[in-house]
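What follows is a set of notes on a single structure, which appears directly below.
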Amino acid sequence: MLQIISVLLENKPGALMRVTGLLSQRGYNIESLTVARTLDPEVSRMTISVEVEDALRQQVIKQMNKLINVLQATDLTDTPSVFRELLLVRIHTSQESRTAVLKEAEIFGGRVVDSSIGGFAIEVTGDPEKLNEFVDIMGSYGEIEVTRSGILAIGLEPKKLRLQPPVPTKAGKSEEVVQ
Amino acid sequence: MSTLLSGAKMLLECLAREGVDCMFGYPGGVTLPFYDCLYDHHIRHVLVRHEENAAFAAEGYARTTGKVGVCCATSGPGATNLTTGLMDAMMDSIPIVAITGQVSTKMIGSDAFQEADTFGITRSCTKHNYLVKRLEDLPQIVHEAFYVAASGRPGPVLVDIPKDVFQAQGHYQPVSTIHLPGYKVFTEGHTGQIRRAVQLIQKSERPLVYSGGGIVAAGAAQELRDFVELTGAPTVNTLMGLGALPSSHPCFISMPGMHGSYAANMAMSHADLLIALGVRFDDRVTGRLAAFAPHAKVIHVDIDPAEIGKIRTPEVPIVGDVKQVLGRINELLPHGNSESDGKLSPARLSWWDQIRAWKKEHPLEPVTSDSEIKPQHLMAEIDRLSNGEAIITADVGQHQMWAAQLVRFNEPRLWLNSGGLGAMGFGLPAALGAQFARPDKLVIAIVGDGGFQMSIPELATIASYGLPIKIVVMNNGYLGMVRQWQELFYNNRLSAVTLDCFPDAEKLAAAYGFKGKTIDKPWQLASALEEAVREPGPYLLNVRVSPLECVYPMVPAGGAISEMVLGPPQPVADAVK
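Set out below in structure tokens:
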């Protein structure tokens with residue numbers, strides 16, 4: 317079953333590779349992945365949608381939480397949360413269909429971002445299933461090209477973030493250079 | 007206050023501050039600036055003959071001392087050669103820090119000479135790794151690397167340093183704190199779960215302690231001993247945990263698993279409580295999972311939360327440092343109820359009677375012969391000489407299993423072997439690292455004729471540093487464990503397992519300037535081993551053993567551990583006639 321994982325990670329080189337590597341080394345195929353900075357520019361939020369056997373879901377989360385750059389990995393699959401995706405579609409449509417296409421876009425809460433003689437570019441957001449339906453409908457009006465952002469998710473219940481405080485090093489005691 | 011230093015000098019400064027006295031490595035183009043500074047530094051650099059062995063030697067050092075082992079290699083092939091040792095340290099949770107050189111930052115990604123994506127390649131064979139892009143980050147990263155390697159569940163950490171970072175000059179400021187907000191180390195253990203564990207332990211009629219490498223890593227041997235003596239619980243030590251409870255301890259049964267003893271595996275299969283301490287329910291221990299310890303409730307103590315419930319869901323999960331957790335359990339247990347106090351409950355007494363009966367039924371006994379040296383005989387003789395005191399390293403295969411079955415260890419950190427990864431060629435370089443860590447100790451490397459031939463380059467290192475390591479080759483002319491499987495499961499079709507060429511040991515050792523000998527008769531064994539130990543320098547003893555011996559007991563892959571094959575199949579008596 318498709319698992320939705322939300323990962324808070326340090327914005328450091330290689331951090332993304334560690335998370336994706338953990339999945340790919342187990343042979344999991346990542347369905348979608350989004351990542352961007354949070355309010356804190358040193359921390360990024362990732363949403364991963366990945367096919368994992370139910371029995372192994374918890375293990376995957378635990379392994380992610382072990383990664384040193386990961387501040388918190390949460391399984392949102394079965395917890396109260398909102399999933400959203402952004403879709404951009406370019407549709408080539410005939411003059412006769414233009415009004416119908418606009419009507420459909422309106423039903424889906426879409427927004428025309430470009431209009432030309434040949435057709436439109438439309439932006440829609442929603443949960444992934446709604447977007448699938450929209451793609452099917454648009455496809456029936458003409459040739460389409462689609463690009464999707466992948467799922468973005470946010471849990472609806474606040475989750476406490478436990479961070480480790482700094483630890484002193486034994487190496488820092490002496491100011492004097494040894495050599 | 008700050009001092010102007012080059013990157014190479016800063017690295018050495020950080021290593022010195024971490025207490026590094028010895029490192030194992032092999033120089034190359036991009037590490038030249040570092041080796042130039044090393045030239046007049048007090049840290050001892052041991053020049054091995056292959057980078058893989060630098061990592062194994064660092065592991066040998068770390069496994070012997072519990073301190074972080076350090077190895078060093080150049081970019082490209084140097085770094086790729088380290089990977090087997092890194093993976094080995096990863097699987098067995100051994101703290102090592104690997105320093106690799108990288109091509110200059112401006113050249114990275116240009117397919118420069120000796121360039122490899124070390125950071126990417128070692129992502130999955132390290133606990134954590136770093137590519138140092140700026141000199142000012144170097145001290146922080148090096149100290150983080152040591153902290154991460156040694157804390158929590160230990161493991162290997164790699165620091166990749168480009169040549170221009172080694173060369174750049176910068177102001178050095180000692181690092182006083184490490185801040186890794188996402189690195190969680192759990193040590194104490196949940197008080198409620200600890201109480202539940204104590205209750206289960208007291209209620210249990212057939213408890214069994216299943217302890218492993220985590221006890222060694224945590225330095226919890228004393229706590230384990232106290233626990234075992236308080237409860238009188240029979241104990242099995244895994245391959246990684248041998249010595250955690252002295253082999254001579256009355257509560258010690260032996261090693262469980264695929265080549266574990268009959269008594270250990272039967273005890274696992276009949277226990278009503280498994281007290282799992284610093285173990286990970288490895289497939290070589292559990293056999294077929296559905297049939298593993300079917301009657302047992304499980305208390306699982308491990309510092310790594312991801313190990314809890316990974317294979318077997320415990321009734322009582324305790325995430326924590328096993329030393330602290332056992333210490334607290336011991337405080338809560340009633341004193342004066344152990345076997346030595348003669349106060350074991352009748353149920354516990356009959357559990358012990360059962361275990362003793364199993365031990366008697368199929369003991370692990372050395373097989374001997376008048377005409378040829380049986381491998382078990384060899385191990386028994388090594389055991390007699392060591393008397394539980396020597397550091398014994400092993401490669402991987404039959405000799406490793408026989409040694410684990412028959413050689414006793416009075417302390418942890420005496421038995422060094424590649425447990426999880428099963429890397430051939432581990433024993434000899436690990437012995438090298440161990441001997442540097444403990445110059446006072448007798449170090450015996452027990453290797454097979456296969457693994458030995460993977461490690462031959464290190465004979466030069468042993469000779470040039472005059473390390474008095476005793477190399478004992480258990481030579482059966484085969485890749486014995488693979489041959490055993492081919493015999494038992496592939497109709498004895500011996501495919502690519504014959505090692506029909508082996509160098510003359512005496513001449514080989516002489517070529518490196520030390521003594522060697524080949525023996526093949528049982529009456530030569532004791533005196534040859536004694537001679538090797540008496541020799542002040544290194545010694546290569548090539549022992550020709552009976553070639554077709556198989557390791558028993560054996561749990562066939564996918565079998566339940568209670569269904570051991572105890573010996574060679576008996577010939578069907580004249581059934582055809």
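These protein sequence lines are chains B and D, in that order.
Position in the first sequence counted from 1, then plus 316, gives you this note's numbering.
Position in the second sequence counted from 1, then plus 6, gives you this note's numbering.
Ideal placement from N, C-alpha and C gives every residue a C-beta, glycine not left out.
It should be emphasised that the depicted structure is a prediction, and the values quoted were computed from it without experimental measurement.
- In this structure, Val181/D and Thr485/B form a Cβ contact; the two beta carbons are roughly 6 Å apart against a cut-off of 8 Å.
- Cβ contact annotation for Ile477/D (same chain, cutoff 6 Å, sequence separation greater than five): Ala451 and Leu546, in chain order.
- Look at Gln319/B: its C-beta is not under 8 Å from any C-beta on chain D.
- Beta-bridge partners assigned by DSSP to Glu459/B: His408/B.
- Chain B places a beta carbon closer than 8 Å to that of Leu137/D, counting this residue as a contact.
- Of the candidates Ala273/D, Lys15/D, Val304/D and Ser424/D, the residue whose Cα lies closest to the Cα of Trp358/D is Ala273/D.
- For the segment 199-254 of chain D, the full-length beta strand (DSSP E) segments reaching 3 residues or more read 213-217 and 241-243 along the chain.
- One finds His134, Val154, Leu186, Gly188 and Tyr189 in chain D with Cβ atoms closer than 7 Å to the Cβ of Ile384/B, taken in chain order.
- Contacts with chain B (Cβ-Cβ distance below 8 Å) from the segment 312-324 of chain D involve Ala312, Gly315 and Lys316, listed in chain order.
- By the Cβ test, the segment 437-448 of chain D is in contact with the segment 460-479 of chain D, since at least three Cβ pairs between them sit closer than 8 Å.
- Of all residues in the segment 321-353 of chain B, the ones placed with a Cβ closer than 9 Å to any Cβ belonging to chain D are Leu324, Leu325, Glu326, Pro329, Gly330, Met333, Arg334, Gly337, Leu338 and Gln341, in chain order.
- Distance from the CA atom of Val462/B to the CA atom of Leu392/B, rounded to whole angstroms, is 26 Å.
- For a Cβ distance threshold of 7 Å, residue set Ala487 of chain B lies close to Glu24/D, ordered along the chain.
- Neighbours of Leu404/B across chain D, judged by C-beta separation under 7 Å, do not exist; the nearest C-beta is about 31 Å away.
- Counting the other Cβ atoms within 10 Å of the Cβ of Ile309/D gives 16 or more, which makes it buried.
- Ile200/D is a Cβ neighbour of Val331/D, given a cutoff of 8 Å.
- Interface criterion not met: the Cβ of Leu355/B is under 8 Å from no Cβ in chain D.
- Looking at the DSSP output, Asn481/D bridges to Arg550/D.
- The C-alpha of Thr80/D is placed about 22 Å away from the C-alpha of Ile100/D.
- By the C-beta density criterion, Ala363/D is exposed, having fewer than 16 other C-beta atoms within 10 angstroms.
- C-alpha of Ile167/D to C-alpha of Thr244/D: approximately 38 Å in a straight line.
- Sequence-ordered contacts of the segment 120-131 of chain D with chain B read Phe125, Gly126, Arg129 and Ser130 [C-beta pairs closer than 9 Å].
- Shown here, Gly433/D sits in a helix according to DSSP, grouped into three states.
- Annotated three-state conformation of Phe495/D is helix, per DSSP.
- A direct Cα-Cα distance of roughly 16 Å separates Glu142/D from His185/D.
- Against Lys476/B, chain D offers no close residue; the least beta-carbon distance is about 13 Å (beta-carbon pairs closer than 7 Å).
- A straight line joining the alpha-carbon of Pro300/D with that of Ala502/D spans about 39 Å.
- Taking the Cα of Asp455/D as reference, the smallest distance to any Cα among Ala118/D, Thr504/D, Glu150/D and Gly426/D is reached at Thr504/D.
- Between Gln411/D and Ser267/D, the alpha-carbon positions lie close to 8 Å from each other.
- The Cβ atoms of Leu17/D and Leu164/D do not sit closer than 8 Å to each other.
- Taking C-beta atoms as the reference points, Arg318/D and Val304/D count as a pair closer than 8 Å.
- Comparing alpha-carbon positions, the option among Pro311/D, Gly247/D, Ile105/D and Ala227/D lying closest to Glu194/D turns out to be Pro311/D.
- Here Ser470/D is not bridged, per DSSP, to any residue.
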